[in-house]
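Some notes on the structure that comes next.
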Amino acid sequence: MIKQRITERLGSIVEKYCKEKGLTESISFAVEIPPKNIDADFAVNAAMLLAKKIKANPRVVAQEIINIIMSEMADFVDKADIAGAGFINLRLKNEILYKELAAIIEQKEKYGSLASNNKEKIMVEFVSANPTGPLHIGHGRGAAIGDSLARVLRHLGYNVTKEYYLNDVGNQMQVLAESVRLRYLQLKGDEVPFLEDGYKGEYIIDIAKRLISENKNINAIDFKKEAVKDILATIENDLKDFSVVFDNWFSEGGIAVDKDKNGKTEVDKACEYLQSTGNAYVQDEALWLASTKFGDDKDRVLKRSDGRYTYLASDVAYHKNKFERGFTKLVNLWGADHHGYVARIEACVQMLGFSKEALKVLLYQLVSLVRNGKPVPMSTRSGEFVPLKEVVDEVGKDACRFFFLLRAPDSQLEFDLELAKKQSGENPVFYVQYVNARCHSIFRESQNRTDLNTEPDFSLLNTKEERELMKQLSTFCDILALCEKTMSPHHFTAYLIELADIYHKFYEKCRVLGDDSKLTVSRLKLIEAVTIIIKNGLGLLGVSAPEKM
RNA sequence: GCGCCCGUAGCUCAACCGGAUAGAGCGUUUGACUACGAAUCAAAAGGUUAGAGGUUCGACUCCUCUCGGGCGCGCCA
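Going by numbering that gives the first Met the number 0, the residue at position 515 of the first sequence is 514; the numbering climbs one at a time, nothing skipped.
This is the structure:
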């Protein structure tokens, strides 16, 4: 928030300066956090950029801008000086930090929320794993990223819907049904061979066992329906244990199977619409999507020559449906193995009359598993996959989510199962949670004091450690903005680790419960703000903030 | 063969539109508990940012090429 305000005010100063120098347009400069060895709160590169434009000495330009800053932003800036090639380094007035501290304490969990001015309807679609087996660890990464992103966007005031797209039609469903049926027969004693490409997991046998225990006639059993029912229940439960709850589960059957009064499905209608607008055409008895018109490298089949639709046709109809439900921004979170699909779905969105920006496809790299130094294959059909549930049960939901969000989605993530199972301080989540526990321990201890019935005076918070702490607390909003800009919540893990680091240093140097009542009360307020930010930040990541550990 | 992503400390990874001495955690070494939780802190060691060239005041970041890893290239989902 502070950074944003500084940027705005500097913007008008720079603009004014540009006019004075006869430039027709202003420049876009950056306000940054300087490296740790520099004793300043913010660094501005405007002078260097301007110097280039007006062909002047950057340090001279910097001095001229500093003169304006010192006269126009005296309420904000304590000190401004030139460094290096022409950086303008600013030191904030402490009063600004005190004000921010007060805002955190007053607004609590609402701090940083912009609920009033932003109501855009956003859909975040993620996980969307086929209902053919339990979620594995790769789905977990998508779940953690998607859910946390949704939490961040909600905190920023967007009207967010989390949706799971359910591919409950198609070949794989037949294979699933057949897999269960064959297991059922085998359990009954028939020596039928199993499908080579069938689903070989133990859960298939469990489903068959349940069906046998219900003692129904085999002809009365809808194997597909029963299998999907059990598997979905498992998926939903595993997600719940991972603190992920969807607002909506969208069935592909609803658009590919269900028909309106004219006997048409939504997929039929979407394809007709594309044809009517010249974006789909018939060739070799198949219906093609002219996706090359919007940047794809080849056109794609929507309807095969035998009359069956492809998966893409359903997906077109699905995205059309999303827009029809009033969403103006769609976020799709896909595993990187689907990246070849991005171009064609972006083409679809444009064919449906929306801008390319209305859809954001986020790819996350797959998780590679290591167990005892050996890579673990992860195909759902191999029967050797590692379920999300197994890892969550062993390392805990908090550690698991934090771990997934520790890295940028673009990075391949190596998940060492043996390492993840170690429930020790090696996991950074404990380091962050420990801050909260320590603060609450002090709160409990402070109950024994009778002299704390006085108003805080923030101006007593003037050590280097306290100032660092207040600064870090005040950048919470900047991290929110960064997550929005990059559409990734992972910045919060780094932020919280840094906050924890600063807090622990503060803890060593500044005793909270001291002889001076006024100072004690002020520091109690400071660490109250710390607990608020830790709890908010961890909350955005779907991680708990225990008061005792 | 073509396309997308990645390559940063021993390991796993950060680095906010291109910015200052590239940062954390783990691991290693050495210190610190008779006041709020040592799940902590202080200090040390560890780097030609895969390689080569280019753009510029300035490149981990942008461009070109090479090498290496992952993934994708079907009238499958």
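Glycine is no exception: its CB is placed at the ideal position from the N, C-alpha and C atoms. Quick caveat: nothing in here was measured; it's all calculated off a predicted structure.
Coarse secondary structure for I68, derived from DSSP in three states: In this structure, I68 counts as helix in the three-state DSSP scheme.
In angstroms, rounded to a whole number, what distance separates the CA positions of K359 and R153? 17 Å
Got a sec, what are the start and stop residues for the alpha helix (DSSP H) E14 sits in? I1 to E19
Check whether the region 7 to 19 and the region 65 to 72 are in contact - that is, three or more C-beta pairs closer than 8 Å. yes
Own chain partners of A269 with C-beta closer than 6 Å, once the 5 adjacent residues on each side are dropped: V315, A316 and K319
Only counting the same chain, and skipping five residues up and downstream in sequence, which positions put a Cβ closer than 7 Å to that of T291? K297 and D298
Unbroken stretches of the alpha helix (DSSP H), 4 residues or longer, contained in the region 168 to 214: 170 to 186 and 201 to 212
Does DSSP put E546 in a helix, in a strand, or in coil? coil
Check whether the Cβ atoms of L540 and T474 lie closer than 8 Å to each other. no
Could you pull out every unbroken beta strand (DSSP E) segment of at least 3 residues lying fully inside the region 297 to 363, listed in chain order? 299 to 302, 328 to 334 and 358 to 363
Contact under 8 Å by Cβ, I526 with C399: no
Here's a check: name, in chain order, each residue in its chain whose Cβ is nearer than 8 Å to the Cβ of G538, leaving out the five neighbours to either side. E108, R150 and A544
Terminal residues of the continuous alpha helix (DSSP H) containing I531? S516 to L539
Going by Cα to Cα distance, which pick from A79, L148 and C347 is closest to Y276? One point to set straight first is that residue 276 is Thr, not Tyr, in the sequence displayed. Residue C347 is the option with its Cα nearest to T276.
Could you compute how far the alpha carbon of I533 sits from the alpha carbon of D450? 28 Å
In terms of residues, what are the limits of the beta strand (DSSP E) holding Y224? For clarity, residue 224 is Lys in the given sequence; the question names Tyr instead. Note, K224: premise wrong, no beta strand (DSSP E); alpha helix (DSSP H) at F222 to K239.
Cα separation between I67 and Q3? 19 Å
Specify the secondary structure class of M122 as computed by DSSP and reduced to three states. In this structure, M122 counts as strand in the three-state DSSP scheme.
Could you check whether V520 and P455 sit closer than 8 Å to each other, using their CB atoms as the reference points? yes
Report the partner residues of Q282 according to the DSSP bridge assignment. A285
For I478 versus Y494, is the C-beta distance shorter than 8 Å? yes
Which class does E162 belong to by DSSP, given the choice of helix, strand or coil? Strand at E162.
Suppose contacts are defined by Cβ-Cβ distances below 8 Å. Is L148 in contact with F249 by that definition? no
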